[in-house]
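**Student:**
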């Protein structure tokens, strides 16, 4: 068994210290690096919290859309090929799958983009 | 900068400035610029037309760069043509070859102010009246777009055989074909760009990175349009789409022209100089294009870190802007009308 708190919680509390205690005292030319570090820690924390569940959902949706089996990366490659061939032009089902998978990635990489007007 | 490099540079500057002697009193590496290095130089010039204190920026290749950008000699030529056409750019001074510093560089006069996009959109003490500034940027683009091929000094710029839109589509596809991971949402956006690609009746000189973050402002207004290394013959609307694209508004989404002003102001300035009224439906295509192009560039920059060639937190984080660019591509190209 792992020690508590685990990775995501550690990143969250470490990020708080960085932003609240260290950043205000940093000179201007180091503040950008500190913000980048906080951003990177936030992404890592969200990826850990999300786990592999969303990838499994994406995988199932790809199998259903493409009507074939395969690994996640392989099926995404196949989808990209068929899109380029025009086989999904105007296809709402394909668009919805892409939308859901992309929303999930944005949730991890840049969640603010989901709330921005 | 090492001492012997400084001495070599002083001697170079003295020759070019037709001076008795040049003493370099400060050479400072400026931050920003994943592709080039920028040095702020302060020199005391003795004799000749530049006598006195000369503040200038030396721009050289960085240790590693993105292959699609021009070399320094070419960027210098572009800057000169833009300067001659009346675009507000840092005055290009002298071109230096690798014999001086070990790599190609050029020197331009220092422009005052700040360029940082996040500051520019928020600090209203910069740039003067924002609608007037937006109009001014429209005028600047129109002056640039008055440059048409052929131009002898720009003969290194290829004249595209395909339309600029389809050339972009092929470039994006070629990159994705060589990449280790598929990006189907990006591919969806590129497919839309292929199906809706416009013809370009007349090629003009375009900047291709004309956006907030790449021009400098002081308290009064615009002081310089920077970063000419991506310039090419293309569709003039490519620059307008890049400028207005949602991904370049630095969070100020309601200010649709670069996060600083209205589309109307930009169009007024553009029409005043070019006589051309902007068709925003046509510009919209290039806003979609902007998201695809920025996504491809972000993947390339991220890959420099991911591949292990150039570990960098900034490059690593750039890879993480790709999902939101893809989301915007889907938003712009989904639905029954797309």
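Chains as they are written, first to last, in full-length UniProt numbering: chain B, 1 to 117; chain A, 1 to 338. Backbone N, C-alpha and C define an ideal beta-carbon position, used for all residues, glycine too. Model, not experiment: these values are computed from the prediction.
When the Cα of residue 8 of chain A is compared with those of A/45, A/102, A/37, A/75, which residue comes out closest?
**Tutor:** Comparing Cα positions, the closest option is A/102.
**Student:** Please confirm if the region 183 to 197 of chain A is in contact with the region 247 to 260 of chain A, defined as three or more CB-CB distances below 8 Å between the two stretches.
**Tutor:** Taking 8 Å as the limit for Cβ pairs, the verdict is that the region 247 to 260 of chain A does not touch the region 183 to 197 of chain A.
**Student:** Select from B/106, B/114, B/115 the residue whose C-alpha is nearest the C-alpha of residue 321 of chain A.
**Tutor:** For the residues B/106, B/114, B/115, the minimum Cα distance to residue 321 of chain A belongs to B/106.
**Student:** Out of B/48, B/2, B/55, B/88, which one is the CA nearest neighbour of residue 102 of chain B?
**Tutor:** The candidate whose alpha carbon is nearest that of residue 102 of chain B is B/55.
**Student:** Expressed to the nearest angstrom, what Euclidean distance is found between the alpha-carbon atoms of residue 116 of chain A and residue 68 of chain B?
**Tutor:** Using only the alpha carbons, I get a separation of about 48 Å.
**Student:** Less than 8 Å separating the beta-carbons of residue 66 of chain B and residue 79 of chain B?
**Tutor:** In contact: residue 66 of chain B and residue 79 of chain B (Cβ atoms closer than 8 Å).
**Student:** My parser needs the alpha helix (DSSP H) runs of 4 or more residues fully inside the region 239 to 318 of chain A; what are they?
**Tutor:** Taking only runs of at least 4 residues, the alpha helix (DSSP H) segments lying wholly in the region 239 to 318 of chain A are 263 to 274, 280 to 306.
**Student:** Tell me residue 46 of chain A's beta-bridge partners as DSSP assigns them.
**Tutor:** According to DSSP, residue 46 of chain A bridges with A/21.
**Student:** Restricting to Cα atoms, I'd like to know which of A/291, A/192, A/219 is closest to residue 333 of chain A.
**Tutor:** Cα-wise, what sits closest to residue 333 of chain A is A/192.
**Student:** On a Cα-Cα basis, can you pick out the residue from B/49, B/98, B/46, B/91 that is closest to residue 62 of chain B?
**Tutor:** That would be B/98, whose Cα lies nearest to the Cα of residue 62 of chain B.
**Student:** Closer than 7 Å by beta-carbon distance: list the chain A residues that pair up with residue 102 of chain B, in chain order.
**Tutor:** Per Cβ cutoff of 7 Å: 185, 323, 326, 327, 330.
**Student:** Who does residue 92 of chain B pair with in a DSSP beta bridge?
**Tutor:** Looking at the DSSP assignment, residue 92 of chain B forms no beta bridge with any residue, so it has no partner.
**Student:** Using a C-beta cutoff of 8 Å, does residue 252 of chain A count as contacting chain B?
**Tutor:** With 8 Å as the cut-off, residue 252 of chain A does not count as an interface residue toward chain B.
**Student:** Just mark residue 243 of chain A as buried or exposed, buried being the case when its beta carbon has 16 or more other beta carbons within 10 Å.
**Tutor:** When all chains shown are included, residue 243 of chain A counts as buried.
**Student:** When burial is assigned at 16 or more other CB atoms within 10 Å of the CB, is residue 150 of chain A buried or exposed?
**Tutor:** Under this definition residue 150 of chain A is an exposed residue.
**Student:** Name the one or two DSSP bridge partners that residue 38 of chain A has.
**Tutor:** DSSP, once it has assigned bridges, lists A/30, A/59 as partnering residue 38 of chain A.
**Student:** Fully enclosed by the region 5 to 74 of chain B, which alpha helix (DSSP H) runs are 4 residues long or longer?
**Tutor:** 7 to 17, 28 to 50, 53 to 66, all fully within the region 5 to 74 of chain B.
**Student:** Kindly say whether residue 314 of chain A, judged by its beta-carbon, lies nearer than 8 Å to any beta-carbon of chain B.
**Tutor:** At least one chain B Cβ lies under 8 Å of residue 314 of chain A.
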